[in-house]
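Listed in order, the protein sequences are those of chains F and R.
Anchor point for the first sequence: position 194 equals 213 in my numbering, and the numbering is continuous, going up by one each time.
Anchor point for the second sequence: position 166 equals 185 in my numbering, and the numbering is continuous, going up by one each time.
From the three backbone atoms N, C-alpha and C, an ideal C-beta is built for every residue, glycine too.
Everything numeric in this text was worked out from a predicted model, so none of it was measured.
There are 2 protein chains.
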Amino acid sequence: MAESINLAVSTVIFALRPHPDTQHPVLWLPLVRRVRSPHKGLWALPGGPLGSTEDLAASARRNLHETTQLTPRYLEQLYAFGRPDRSDDRTVSIVYWALVHADVASAGVESDNVRWFLADELPKLAFDHSQIVEYALWRLRNKMEYSRIAAALLGETFTLSELREVHEVVLERTLDPANFRRQIESTGQVVATEQFRTGGRHRPARLYRHDHSIELADNGPLTGR
Amino acid sequence: MAESINLAVSTVIFALRPHPDTQHPVLWLPLVRRVRSPHKGLWALPGGPLGSTEDLAASARRNLHETTQLTPRYLEQLYAFGRPDRSDDRTVSIVYWALVHADVASAGVESDNVRWFLADELPKLAFDHSQIVEYALWRLRNKMEYSRIAAALLGETFTLSELREVHEVVLERTLDPANFRRQIESTGQVVATEQFRTGGRHRPARLYRHDHSIELADNGPLTGR
Chain F
20 MAESINLAVS TVIFALRPHP DTQHPVLWLP LVRRVRSPHK GLWALPGGPL
70 GSTEDLAASA RRNLHETTQL TPRYLEQLYA FGRPDRSDDR TVSIVYWALV
120 HADVASAGVE SDNVRWFLAD ELPKLAFDHS QIVEYALWRL RNKMEYSRIA
170 AALLGETFTL SELREVHEVV LERTLDPANF RRQIESTGQV VATEQFRTGG
220 RHRPARLYRH DHSIELADNG PLTGR
Chain R
20 MAESINLAVS TVIFALRPHP DTQHPVLWLP LVRRVRSPHK GLWALPGGPL
70 GSTEDLAASA RRNLHETTQL TPRYLEQLYA FGRPDRSDDR TVSIVYWALV
120 HADVASAGVE SDNVRWFLAD ELPKLAFDHS QIVEYALWRL RNKMEYSRIA
170 AALLGETFTL SELREVHEVV LERTLDPANF RRQIESTGQV VATEQFRTGG
220 RHRPARLYRH DHSIELADNG PLTGR
């Protein structure tokens with residue numbers, strides 16, 4: 020029975036990059052143009068068949084690297100999509116989602132068939148990939164509220180304003196700076212460094228880093244796998 | 020590459036039933052004895068190959084029904100397990116977890132090759148199924164804290180004591196009855212009925228039901244699929 024079912028691994032990759040008009044950071048994701056049928060010419064999530072001796076997460080990392088030349092700061096299994104009607108050949112896709120750091124992402128290679136898109140201005144995607152992206156955005160917003168994965172979208176060190184900005188972009192609402200600072204400081208998850216961000220119109224802002232002894236997200240018995 | 024990979028769907032099924040010694044409700048799950056190699060004779064999660072035109076959740080429901088003759092009160096995708104070394108043939112298992120109602124579960128059919136076990140006194144399981152059960156228990160405990168899936172382990176109506184007991188069993192800690200009542204009433208997720216549980220040594224206790232307009236758990240864009 021199972022012989023005719025294909026198994027693929029795809030990855031939804033998010034990065035923060037400036038909006039081309041406003042220059043404010045917004046969520047972007049890279050897509051790959053399909054070069055063969057079905058859905059030839061449409062944009063799709065990077066992915067492909069699982070290697071016969073390959074771990075699922077390793078396959079997601081490989082896809083991500085082949086598409087963007089990047090290594091993820093955060094990678095987590097999202098969901099397995101398996102509706103019989105989701106493609107003409109029967110394919111079950113195990114989807115991962117990943118966060119990469121913006122500066123690095125900016126240096127990622129684009130080509131005719133690989134391009135970064137604004138997460139809220141996506142073209143029509145192949146298969147059920149629009150629904151998959153929608154679910155990945157939902158998961159990202161939920162995780163942001165109870166874990167520290169915002170760090171995965173930033174560099175090694177960051178100011179509290181930068182950290183607040185990540186939360187604002189993902190949660191799609193503004194946050195009070197003083198409340199945010201109090202909340203972050205009370206968690207003890209960020210560590211003040213002795214470095215400062217200087218330059219620009221503002222006074223020097225202290226740089227923070229995340230406490231590396233804490234996992235970016237708590238996935239219980241699967242944490243760190 | 021992908022041709023040699025098998026795809027299976029398995030289900031971790033939880034129910035509350037009395038402990039044989041203490042008669043207090045505890046978590047049980049049904050297992051199936053393997054009747055062929057590999058791991059012949061060991062107990063395993065119910066499951067099998069995905070049907071070529073079958074939806075993933077439908078496959079989990081089918082396995083569940085074939086094993087226990089039950090329909091789940093709650094069913095959710097848990098995780099896809101795909102380490103290359105998890106079985107001798109290369110098999111990726113997409114695992115669901117389900118909650119069934121205790122009274123019904125008690126009437127479930129047992130046989131030489133299907134048996135219910137205490138969740139914290141499991142025998143050695145086939146493949147990586149021990150790890151899968153451990154992760155399912157972790158997910159259950161986490162969901163219990165922020166959603167209403169406790170309802171899926173109870174009947175249509177229940178007393179607040181019964182609801183608290185479910186939380187205590189799953190979370191493995193005692194809860195203060197007055198605080199629990201206040202917390203549950205403040206969420207507005209349970210609705211008082213005009214019925215009472217009578218009999219026994221205690222005074223009649225009001226029966227509650229869950230607000231059916233609220234999903235048992237919030238899975239965002241995938242809720243209700």
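Check: Helix, strand or coil at F/H43 according to DSSP, with G and I counted as helix; Outcome: coil
Check: Secondary structure of F/E153, DSSP reduced to three states; Outcome: helix
Check: R/S29 burial status per 10 Å Cβ neighbour count (16 or more: buried); Outcome: buried
Check: Beta-carbon proximity check, F/Y115 vs F/L179, cutoff 8 angstroms; Outcome: no
Check: Span separating the alpha-carbon of F/V45 from that of F/K59; Outcome: 29 angstroms
Check: Residue-level contact to chain F via CB, R/W157, 8 angstroms cutoff; Outcome: yes
Check: For F/A169 and F/G218, the rounded distance between their alpha carbons; Outcome: 24 angstroms
Check: Through-space distance from R/S78 to R/H120, alpha-carbon basis; Outcome: 20 angstroms
Check: Residue-level contact to chain C via CB, F/P103, 8 angstroms cutoff; Outcome: Protein chains F and R are contained in the structure displayed, whereas chain C is not.
Check: R/P91 beta carbon less than 8 angstroms from that of R/L83; Outcome: yes
Check: Residue-level contact to chain R via CB, F/V31, 8 angstroms cutoff; Outcome: no
Check: Unbroken beta strand (DSSP E) run spanning R/I32, endpoints; Outcome: N25 to P37
Check: CB contact below 8 angstroms: R/D74 versus chain F; Outcome: yes
Check: Distance between R/N198 and R/F215 (C-alpha atoms, nearest Å); Outcome: 21 angstroms
Check: Own chain partners of F/D108 with C-beta closer than 7 angstroms, once the 5 adjacent residues on each side are dropped; Outcome: N25
Check: Any chain R beta carbon closer than 8 angstroms to F/A224; Outcome: no
Check: Test: F/Y93 CB closer than 8 angstroms to a CB of chain R; Outcome: no
Check: Nearest candidate by alpha-carbon position, reference R/Q42, set R/A117, R/V188, R/P65 and R/L61; Outcome: R/V188
Check: Chain R within 8 angstroms of F/S106, Cβ atoms only; Outcome: no
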